[in-house]
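Here the sequence shown is numbered in the UniProt record's numbering, starting from 1 and rising by one per residue. Even for Gly, the Cβ is constructed at its ideal location relative to N, Cα and C.
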Amino acid sequence: MVVLRICLVSSTKLFVTHERVLSTDLILHRFSSNIAPGGDCNVKQKNIESRFFSHEKLALGVHERVSLLYSSWGNLVNQSANEGKSNLPKAPHLEDCKLSAETNERLDTRLQNDSFPPWTIWKGQLDNFPWTAEDEQLRYYRHQTVSEGAYPPWIKGSDEENYPLTRKVQRDIWLHQHPLNCSDGNVKFLIADWERIPGFGIGAQIAGMCGLLAIAINEKRVLVTSYYNRADHNGCKGSSRSSWSCYFFPETSPECRDRAFELMKQKEAWEKGIITIKENYTSKEIWSGRTPRSWGKPWSYLQPTTDINGSLIAYHRKMDRRWWRAQAVRYLMRFQTEYTCNLLNQARHAAFGWEAARMVLESQFRDFPEGVDKAAKHDIESFVWSSHKPWSPRPMLSMHVRMGDKACEMIVVGFKEYMHLAERITKHFPNLKSIWLSTEMQEVVDQSRLYPHWTFYYTNVTRQTGNMTMATYEASLGRETSTNYPLVNFLLASEADFFIGALGSTWCFLIDGMRNTGGKVMSGYLSVNKDRFW
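Here it is as structure tokens:
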């Protein structure tokens with residue numbers, strides 16, 4: 001095997017992939033330990049670009065050109081597309097995080113004199129398409145569509161590809177959490193810190209907040225989240241430090257947050273019950289309280305698309321909880337912040353960047369022109385294609401293998417059983433070759449090398465060995481890493497074409513909820529076990 005020395009950006013060292021090497025033209029072991037930074041790779045970005053677009057590139061071999069483009073993209077991975085225009089070809093696997101955050105902000109803010117933000121069937125930047133004076137009728141119909149709020153933009157796929165009533169529920173939760181006038185005397189609040197009980201993982205914290213959102217809706221209160229310990233690190237800047245808003249858009253408006261914290265200082269607000277906090281409710285009310293009935297009982301007809309032991313599960317005792325947590329986690333994670341978007345860019349570049357560079361070179365640069373018009377951009381690129389998700393190898397199977405100390409809560413099975421389920425999927429989808437592997441156990445990563453006909457992608461972080469508890473393991477990683485990389489895995493899993501996990505794990509349970517409110521119901525879910533409360 002030919003080993004290349006390539007430039008690696010520090011922010012992209014967290015992700016690795018391995019697959020069988022068929023020839024020197026298919027070298028994909030690009031993030032393994034034998035490909036190290038250093039040597040002759042200390043080249044400034046502007047020199048890389050000039051070299052890439054000069055006659056000198058003709059003397060470079062294919063691998064060197066792929067390496068050069070991959071490295072150049074890596075230097076730009078934390079920059080918005082609007083910061084520092086580049087002659088480099090567009091990176092199909094990266095998102096313009098600044099533009100995305102601005103778009104999300106617009107879609108999470110009411111239009112003046114309207115009940116809803118600009119939610120229409122015109123996705124993404126298409127809603128900014130410039131109108132002419134003759135478009136008055138179009139303007140009228142757009143206003144009518146916005147006034148109905150029928151298209152919350154964070155819901156993908158058709159109604160049949162999501163849990164029952166997902167679009168309506170998401171619209172209604174947003175309305176509930178964004179009253180027109182937060183200072184209205186009839187608006188009440190529930191203010192809650194995120195759970196900090198020792199040993200609670202991120203999944204348990206999110207599940208607890210889903211329960212508090214249910215209480216808030218049942219009591220007609222606006223939920224306002226407060227201190228989030230996992231965001232208490234240097235990566236979360238300014239007011240987003242120690243806040244859920246470091247990673248995702250806030251659960252309510254700034255006006256309501258300010259009003260709630262103002263009322264906390266008033267004795268009368270406490271006496272009249274205008275303000276409640278998490279401590280006003282029992283653990284039972286938070287974790288297994290009444291699911292909101294505002295929409296009837298849509299969980300009664302959940303699509304039976306979960307496979308356990310070869311059979312579809314059509315009914316179990318906690319269908320209401322499964323449906324509600326799916327709705328709640330989807331709302332809480334409806335829009336990613338620029339910070340989270342950048343984390344995903346780093347992950348995608350480290351995992352898929354080499355393939356993307358090779359793909360771009362093969363398709364666009366067989367005979368690339370010397371003169372590149374950087375300003376040449378057509379309307380369809382700006383308003384239509386800009387809404388497409390970043391590229392990743394497709395189809396992709398996401399697999400979360402939960403072992404370790406989880407054995408005290410559920411039946412734990414070995415990696416081999418997960419791979420048996422993966423092989424079942426390939427019988428129907430023979431083009432499936434890629435797995436995004438999420439696990440805390442080093443032994444699972446080691447065992448993945450026993451399956452050379454699969455391409456595995458996974459985070460390159462220190463993993464558990466032996467019987468270390470999850471709390472000890474997370475402490476060894478540090479707060480920033482132990483929060484960032486699981487959330488990246490979570491979001492990538494929610495977007496994958498297929499998913500294999502363990503429903504006995506709260507983390508897998510929540511991933512399943514995100515998928516079932518993200519247009520993935522008909523992809524199905526293969527689980528190695530069932531939830532212990534079913």
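Runs of the beta strand (DSSP E) lying entirely within the segment 381-467, each at least 3 residues long, are 396-401, 434-439 and 455-459 in chain order. Between the segment 347-363 and the segment 463-472, the count of Cβ pairs shorter than 8 Å is below three; the stretches do not touch. Comparing alpha carbon positions, the residue from 518, 505 and 523 closest to residue 529 is 505. Counting along the chain, no alpha helix (DSSP H) covers residue 307; the unbroken beta strand (DSSP E) around it starts and ends at 306-308. Taking 4 residues as the minimum length, the alpha helix (DSSP H) runs contained wholly in the segment 197-225 are 202-218, in order along the chain.
For residue 228, the secondary structure class from DSSP, reduced to helix, strand or coil, is coil.
Beta-bridge analysis with DSSP links residue 188 to 221. Residue 522 sits close to residue 305, with the two beta carbons spaced by under 8 Å. In the three-state scheme derived from DSSP, where H, G and I count as helix and E and B as strand, residue 286 is classed as helix.
Residue 490 carries a helical assignment under DSSP once its states are collapsed to helix, strand and coil.
Relative to residue 70, the option among 401, 346 and 458 whose CA is nearest is 346. Residue 511 is positioned such that its CB atom lies no closer than 8 Å to that of residue 498. Using a Cβ distance threshold of 8 Å, residue 168 and residue 188 do not count as a contacting pair. Looking at the DSSP output, residue 336 shares a beta bridge with 248. Fewer than three Cβ pairs drawn from the segment 150-161 and the segment 183-198 lie within less than 8 Å of each other, which leaves the two stretches out of contact.
Close CB contacts of residue 253 within its chain, under the 6 Å cut and outside five residues either way in sequence, are with 178 (chain order). In this structure, the beta-carbon distance from residue 125 to residue 152 does not fall below 8 Å.
Taking a contact as a CB-CB distance under 8 Å, the pair residue 419 and residue 451 counts as one, their CB atoms being some 6 Å apart. DSSP lists 191 as the beta-bridge partner residues of residue 277. Per DSSP, the unbroken alpha helix (DSSP H) holding residue 69 starts and ends at 62-76.
Assigned with DSSP and collapsed to three states, residue 505 falls in coil, not helix or strand. Here residue 432 is near residue 397, since their CB atoms are less than 8 Å apart. For the options 479, 174 and 294, the alpha carbon positioned closest to that of residue 241 is the one of 479. Residue 321 and residue 331 have their C-alpha atoms spaced approximately 15 Å apart.
At a Cβ-Cβ threshold of 8 Å, residue 94 and residue 348 count as neighbours.
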